[in-house]
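One structure is given below, encoded as structure tokens.
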Amino acid sequence: MAAPRLIMKLRVAALRPTGGETLVVEFQHPRKPQLPAFTPGAHVDLHLPDGKVRQYSLCGDPADRSRYVIAIKREAQGAVSGWLHDHLREGMILPVSAPRNHFPMQPTEGPVTLVAAGIGITPVLSMARALGAEGRPFALHYVAPSRASAPLLDDLEALCPEGSLHLHLREETGARPDLEALLATPAKGAQLYHCGPAGFMAAVEAATRHWPEGSVHSEAFQPPDLGPPQPFTLRLKDGRELPVAANETALQVLRAAGVPLMASCENGLCGSCECGWSAGMPLHRDRVLSPEARSRRFIPCVSRAEGVIALDL
Amino acid sequence: MLAQMILQEDPMRWTGTLLNIHIAPAASYEMEELAEAQLEAGRGIVGDRYYLGTGTYSARPDVREVTLIEAEVLEAIAIGEPQIPGFKGELLPEDHRRNLTTRGVPLNHLVGKRFRVGECVLYAARMNFPCKYIEELLQMPGLYEGLLNRSGLNCAIEVGGVIRPGDAILPMEG
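Residue numbers (numbering that gives the first Met the number 0), protein chains in the order written: chain A, 0 to 312; chain B, 0 to 173.
Printed below as a string of structure tokens:
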């Protein structure tokens with residue numbers, strides 16, 4: 000589960016159609032001139048009236064904090080995208096979360112290759128904007144069936160410096176691009192960022208398997224599928240093993256065993272009961288620890304484990 | 000002599016002011032400022048997440064019908080107090096997620112006591128405890144420590160009514 004983010008009621012300030020049955024939506028805050036900052040690759044959550052939540056990458060300029068720009072493709076089976084296309088109007092208020100970035104650019108100096116297909120262009124567009132603003136060279140490969148089906152193509156052509164945008168349109172080439180050939184030779188220190196449909200991303204992964212470790216990055220919006228709670232076991236520093244039944248929390252078991260631990264919200268939010276773990280396979284279900292902290296910290300009021308987990312208690 | 004004079008002062012002789020009223024419609028939603036609020040005894044501020052049962056902690060048995068924080072704490076944070084490495088920032092009345100921002104009210108001294116806010120009567124059930132949640136929400140690392148022991152009050156509403164910014168906040172006997 001992701002950590003909480005502020006939800007703001009933002010106003011739809013502008014709407015415009017772009018290629019590929021996609022709607023570009025610009026949000027502004029009704030009262031504040033500045034929105035929370037974002038970095039290239041970040042996304043926001045849109046909260047819909049029926050309670051559904053959808054994530055959309057920000058494709059605007061990270062230096063412009065007066066607005067958030069997203070692009071919504073009308074998906075054939077997508078009830079949400081269809082509803083948004085049919086119902087969004089300028090002036091409407093919609094709850095939008097503060098941005099979060101699961102697809103950040105690495106702080107490197109080397110050359111950057113951006114690869115996107117279809118609506119996967121959205122996070123890549125904000126990356127291209129940031130690189131352009133810094134005057135850093137980059138190559139952007141954009142794959143789409145045709146000009147008409149390529150979202151945000153006008154924006155790309157306006158912002159990409161001469162020679163940096165490489166269009167791969169099937170209507171012109173008659174074939175899918177040869178990614179293996181295109182990405183055959185990584186330049187020294189190069190970083191690659193890619194986003195698009197699952198099949199496309201798998202093809203990019205296959206074509207870059209020989210790139211140095213840590214040089215290929217992609218966007219993955221895949222919330223873990225949390226099944227029903229399973230029993231597991233806590234091992235304490237004194238060697239005691241405490242079984243946690245499916246209907247119990249680790250915190251309850253620790254309390255019953257007399258282990259002193261602060262607790263407040265017991266919802267995985269406040270971090271009061273945080274402790275360390277040293278061995279095992281934790282199933283983190285809190286909304287407070289950072290991904291980095293999860294490698295050694297544990298929130299026993301909500302998090303569980305597979306098998307035995309050793310805690311620093 | 001001076002100490003004796005201070006001891007003879009009534010510890011409850013203060014008068015304060017209500018500066019701001021904020022509510023949020025649900026957990027994590029940005030707070031919205033009100034020019035006037037309806038307090039309902041035993042329940043909360045009409046329209047607020049803890050009135051509606053949509054707050055982060057709504058499922059937990061506790062008192063949080065209305066929460067208060069001192070403007071003086073926000074001002075101290077704005078000038079960098081307490082000095083915690085890596086912690087700086089400004090906590091605006093719309094950011095701190097308490098309902099009422101007060102001036103001139105010794106909130107920590109009121110635990111277990113009743114006091115007036117305009118025409119309403121509140122009972123200070125417990126000190127508010129800061130949470131990592133707000134640190135995460137506002138992207139202000141260190142805010143949790145910065146608010147320890149001065150995070151305001153969680154109150155029950157004993158007498159409801161309408162309150163507005165500018166209303167007097169006054170101690171009550173007992």
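Just so you know, even glycine gets a beta-carbon here, dropped at the ideal spot from N, CA and C.
- A Cβ-Cβ distance of about 7 Å is found for the pair G117 of chain B and G160 of chain B, placing them in contact under the 8 Å criterion.
- From the listed residues B:A34, B:G54, B:N19, the smallest Cα separation to R42 of chain B is found for B:G54.
- For V120 of chain B, the number of other beta carbons within 10 angstroms of its own is at least 16, and it is reported as buried.
- By the neighbour-count criterion, in which a residue is buried when 16 or more other Cβ atoms sit within 10 angstroms of its Cβ, N246 of chain A is exposed.
- Using beta-carbon distances, L268 of chain A counts as an interface residue toward chain B, with a partner under 8 Å.
- Taken atom to atom, the span from the alpha-carbon of W210 of chain A to that of S125 of chain A is near 24 Å.
- Under the 10 Å beta carbon count, I308 of chain A is surrounded by 16 or more other beta carbons and is classified as buried.
- Rounded to the nearest whole angstrom, the C-alpha separation of V24 of chain A and E134 of chain B is 30 Å.
- If you look at T184 of chain A, you'll find it isn't in any beta strand (DSSP E); DSSP assigns it neither H nor E.
- The beta carbon of V287 of chain A falls within 8 Å of a beta carbon belonging to chain B, placing the residue at that interface.
- Chain-ordered listing is empty here: chain A has no CB closer than 8 Å to the CB of C119 of chain B, the nearest sitting near 27 Å.
- With contacts defined as CB atoms closer than 8 Å, I69 of chain A and L57 of chain A qualify as a contacting pair.
- What S263 of chain A touches in chain B, judged by beta-carbon distance under 8 Å, is F128, C130, going in chain order.
- K51 of chain A sits exposed, since fewer than 16 C-beta atoms from the chains shown fall within 10 Å of its C-beta.
- Interface criterion met: the Cβ of Y28 of chain B is under 8 Å from a Cβ in chain A.
- In this model, A12 of chain A and R53 of chain A are separated by some 19 Å (Cα to Cα).
- Chain-ordered, the chain B residues with CB closer than 7 Å to the CB of M7 of chain A read E29.
- By the beta-carbon neighbour count (other beta carbons within 10 angstroms, threshold 16), N153 of chain B is buried.
- In the structure shown, Y56 of chain B adopts coil according to DSSP, grouped into three states.
- Membership of P16 of chain A in the beta strand (DSSP E) is indicated by the continuous run 6 to 17.
- Residue pairing by DSSP places H165 of chain A opposite A:H140 in a beta bridge.
- Sequence-ordered contacts of the stretch 33 to 62 of chain B with chain A read T55, Y56, A58, R59 [C-beta pairs closer than 8 Å].
- By the criterion of at least three beta-carbon pairs nearer than 8 Å, the stretch 192 to 202 of chain A is in contact with the stretch 117 to 124 of chain A.
- With contacts defined as CB atoms closer than 8 Å, I156 of chain B and E64 of chain B qualify as a contacting pair.
- Closest by C-alpha distance to I22 of chain B, out of B:A40, B:G15, B:T100, B:A70, is B:T100.
- Neighbours of P3 of chain A in chain B, taken as residues at a C-beta separation under 7 Å, are given in chain order as S27, Y132, E135, L136.
- Collapsing the DSSP output to three states places A206 of chain A in a helix.
- Using a Cβ distance threshold of 8 Å, S302 of chain A and R284 of chain A count as a contacting pair.
- In terms of Cα proximity to V45 of chain B, the closest of B:L73, B:A75, B:P24 is B:P24.
- The residue from B:N127, B:L136, B:R102 with its alpha-carbon nearest to that of D61 of chain B is B:N127.
- With respect to chain B, the C-beta atom of P94 of chain A has a partner C-beta closer than 8 Å.
- Within the DSSP bridge table, the entry for Y55 of chain A names A:V43 as partners.
- Taken in chain order, the unbroken stretches of alpha helix (DSSP H) that lie wholly in the stretch 240 to 278 of chain A and span 4 residues or more are 249 to 255.
- Taking C-beta atoms under 8 Å as the contact rule, R48 of chain B and A34 of chain B fail to qualify, at a distance of about 19 Å.
- In the three-state reduction of the DSSP assignment, R163 of chain B falls in the coil class.
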